[in-house]
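Counting in our numbering, the sequence shown runs from 247 upward without gaps. Note that beta-carbon positions come from the ideal geometry of N, C-alpha and C, so glycine has one too. Below is one structure, written out as structure tokens; the observations come after it.
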Amino acid sequence: MGRKKKGDVVDGWVCLDKPFEMGSTEAVSRIRRLFNAQKAGHAGTLDPLASGILPIALGEATKTVPMMMEAQKVYRFTINWGVSTDSVDREGEIVGRSDVRPTVEAVKAALPSFVGEIDQTPPRFSAIKVDGARAYDLARDGVEFELQPRRVTIHSAEVTDAPDAADPAQDWVELAIRTGKGVYVRSLARDLAVMLGAEGHVSALRRERVGPFSTENAVTLDSLEEMVHRGAASEGLLPVATALDDIPELAVTDQDAFSLRQGRAIVLLPRQVETLKSRLSDGSRVVSAFQGQTLVALCQLRAGRLEPDRVFNLS
Numbered sequence: 247m248g249r250k251k252k253g254d255v256v257d258g259w260v261c262l263d264k265p266f267e268m269g270s271t272e273a274v275s276r277i278r279r280l281f282n283a284q285k286a287g288h289a290g291t292l293d294p295l296a297s298g299i300l301p302i303a304l305g306e307a308t309k310t311v312p313m314m315m316e317a318q319k320v321y322r323f324t325i326n327w328g329v330s331t332d333s334v335d336r337e338g339e340i341v342g343r344s345d346v347r348p349t350v351e352a353v354k355a356a357l358p359s360f361v362g363e364i365d366q367t368p369p370r371f372s373a374i375k376v377d378g379a380r381a382y383d384l385a386r387d388g389v390e391f392e393l394q395p396r397r398v399t400i401h402s403a404e405v406t407d408a409p410d411a412a413d414p415a416q417d418w419v420e421l422a423i424r425t426g427k428g429v430y431v432r433s434l435a436r437d438l439a440v441m442l443g444a445e446g447h448v449s450a451l452r453r454e455r456v457g458p459f460s461t462e463n464a465v466t467l468d469s470l471e472e473m474v475h476r477g478a479a480s481e482g483l484l485p486v487a488t489a490l491d492d493i494p495e496l497a498v499t500d501q502d503a504f505s506l507r508q509g510r511a512i513v514l515l516p517r518q519v520e521t522l523k524s525r526l527s528d529g530s531r532v533v534s535a536f537q538g539q540t541l542v543a544l545c546q547l548r549a550g551r552l553e554p555d556r557v558f559n560l561s
């Protein structure tokens with residue numbers, strides 16, 4: 247007999263508005279303890295020096311985390327001009343100074359160069375592994391190493407705030423970007439400063455959206471603790487299927503639901519296949535199967551059949 251798992255069966259997502267200076271791992275641990283959940287994970291690390299949206303999956307929701315890793319993200323951040331640091335944020339050691347203060351017009355003119363598919367080199371202070379070690383550990387130890395550029399996508403970038411034009415101290419600019427996976431805000435700030443012939447670093451960073459999770463459906467740790475205290479923790483949970491908002495749904499019969507849960511493919515009617523194909527994004531075959539309001543499985547559409555990839559144990 248298998249060992250009984252510690253904790254309660256809790257399934258769903260917490261859209262956490264992570265506070266500044268808290269790491270993603272600590273945030274997951276706090277949420278897991280609050281719900282006394284058996285299993286927890288997060289969709290997309292958020293640095294301690296950043297605040298904002300950190301989707302945390304509990305129980306069966308952890309099976310949908312890979313879908314969230316592909317989700318678009320929105321960041322709002324401030325670049326302070328005049329000083330560059332080795333970590334490209336305010337915690338790093340100063341490595342450069344300059345009196346150059348790019349104008350808002352110059353920043354706006356430069357931003358299109360960073361929109362679309364671009365090659366971006368991650369910052370040296372990042373969690374990327376180099377020969378088995380984290381890059382930030384090597385950087386702190388003064389080890390020389392080189393990170394290779396990666397192909398990433400930035401869908402949009404705009405200036406959202408700046409000092410008044412009459413203010414002689416144009417020391418900062420605030421930007422908002424919408425990105426695909428793998429984009430480093432600090433790398434964008436570093437490369438933008440280089441293009442403008444300036445020194446700069448990220449002084450504030452907030453993530454405002456990860457796919458369907460945003461500031462609009464977010465909760466804070468304080469509010470969650472209050473819900474737990476009054477026995478209403480479920481108010482802070484979003485359904486497992488929240489992560490699947492852009493995936494076509496198919497209602498299945500009780501018999502088909504049983505087959506999918508057993509790991510067996512089901513045959514679709516031609517009209518069902520055509521409807522699903524018309525709703526699938528380019529290159530995708532992923533379909534979510536529902537029995538009434540209950541998520542049954544994530545499936546692949548192949549040759550007129552739905553083949554289950556991930557089966558959910560939800561009631």
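Taking a cut-off of 8 Å for Cβ pairs, the stretch 511-524 and the stretch 550-557 touch, as three or more such pairs fall below it. Here P358 carries a helix assignment [DSSP, helix/strand/coil].
Judged by DSSP secondary structure, P312 falls outside any beta strand (DSSP E) and instead within the alpha helix (DSSP H) spanning 311-315. Contact between the stretch 418-426 and the stretch 320-337 is present, with at least three C-beta pairs closer than 8 Å. Annotated as proximal: K264 and A273, with beta-carbon spacing under 7 Å. Looking at the backbone, the Cα of T521 and that of A489 are separated by about 22 Å. In this structure D417 is in contact with N326, their Cβ atoms being roughly 6 Å apart against a cut-off of 8 Å.
In the structure shown, the three-state DSSP call for N326 is strand. Pairing D257 with N282 gives a Cβ-Cβ distance that is not under 7 Å. In the DSSP assignment, E390 falls outside any alpha helix (DSSP H), carrying neither H nor E.
The alpha carbon of L467 has as its nearest neighbour, out of K252, S270, V542, the alpha carbon of S270. Annotated as proximal: G287 and T308, with beta-carbon spacing under 7 Å. Here DSSP, grouped into helix, strand and coil, assigns K523 to helix.
By the Cβ test, the stretch 344-358 is not in contact with the stretch 375-384, since fewer than three Cβ pairs between them sit closer than 8 Å.
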